[in-house]
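The block underneath contains the structure these notes are about, expressed in C-alpha cells.
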Amino acid sequence: MLDEDGAEYGDVCGPDAECGPQTVVHRLNVLSQLYKRWALNHDVTVTNPVIEGVRPSLPSGRGRRLKDGEEERLLAAAAKSSRPWLPAAIIIALETCMRQAELSGLTWGRTKLNAEFPHVDLPKTKNDRP
Numbered sequence: 001m002l003d004e005d006g007a008e009y010g011d012v013c014g015p016d017a018e019c020g021p022q023t024v025v026h027r028l029n030v031l032s033q034l035y036k037r038w039a040l041n042h043d044v045t046v047t048n049p050v051i052e053g054v055r056p057s058l059p060s061g062r063g064r065r066l067k068d069g070e071e072e073r074l075l076a077a078a079a080k081s082s083r084p085w086l087p088a089a090i091i092i093a094l095e096t097c098m099r100q101a102e103l104s105g106l107t108w109g110r111t112k113l114n115a116e117f118p119h120v121d122l123p124k125t126k127n128d129r130p
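Sequential numbering of the sequence shown, starting at 1, is according to our numbering.
Laid out in C-alpha cells, this is it:
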C-alpha cells in the first residue's frame, strides 16, 4: 500500500496526514492482515512488522450532553419540520441513547411496549453489545 493508492480519491496519507487514532488502527489492521494472508497463501513464515504495541491508544467515546434549554430548542425546531415523525424520533433517541442507524432500523417487531419493562431488541449495536 502506497501513498498513491488513495491519491485518486483525494485521500491524504503519509507523515503529513491528519487522521485520528482509529484511522491509524484500521490501516495497521489492514497491513497486518496483508502479511498474514500472504504468508498463508504462500506457505511461508514471515515476521509481521505490525505488532500490537505499535497501535495508538484510542480515546474514550464521546461524552456529549445537551445543555440547559437545548432539548426544548431542538424539539421546537423539529416541530416546525415538514417531517411529522422527527419530534418522536428525537425523543426516542434522547430517552434510549440509540444511534441513528439503530433508530432507522427500528421495527414494531423489535419494540416490546407491553413487556414488564418496555424495551427494544437491538440484536447488534455499533459496539457489538446488545
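Glycine included, every Cβ here is placed at the ideal spot set by N, Cα and C.
- Task: Compute the Euclidean distance between the alpha carbons of residue 88 and residue 69, then round it to the nearest angstrom.
- Result: 18 Å
- In whole angstroms, what is the alpha-carbon distance linking residue 62 and residue 78? 24 Å
- Item | Span of the alpha helix (DSSP H) around residue 107 | Note, residue 107: premise wrong, no alpha helix (DSSP H); not H, not E.
- Query: Just how far apart, CA to CA, sit residue 2 and residue 46?
  - Reply: Its pLDDT being 49, under 50, residue 2 is placed unreliably in this model, and the coordinates cannot settle the point.
- Query: With respect to the alpha helix (DSSP H) encompassing residue 90, which residues constitute its N-terminal and C-terminal limits?
  - Reply: That run of the alpha helix (DSSP H) goes 86 to 96.
- According to DSSP, which residues form a beta bridge with residue 119? 112
- Item | Residues of its chain near residue 24, where Cβ-Cβ distance is below 8 Å and the 5 sequence neighbours each way are ignored | 55, 56
- Item | First and last residue of the uninterrupted alpha helix (DSSP H) at residue 36 | Annotation: the continuous alpha helix (DSSP H) that includes residue 36 extends over 21 to 42.
- Query: At what residues does the alpha helix (DSSP H) containing residue 70 begin and finish?
  - Reply: 70 to 79
- Through-space distance from residue 58 to residue 65, alpha-carbon basis: 21 Å
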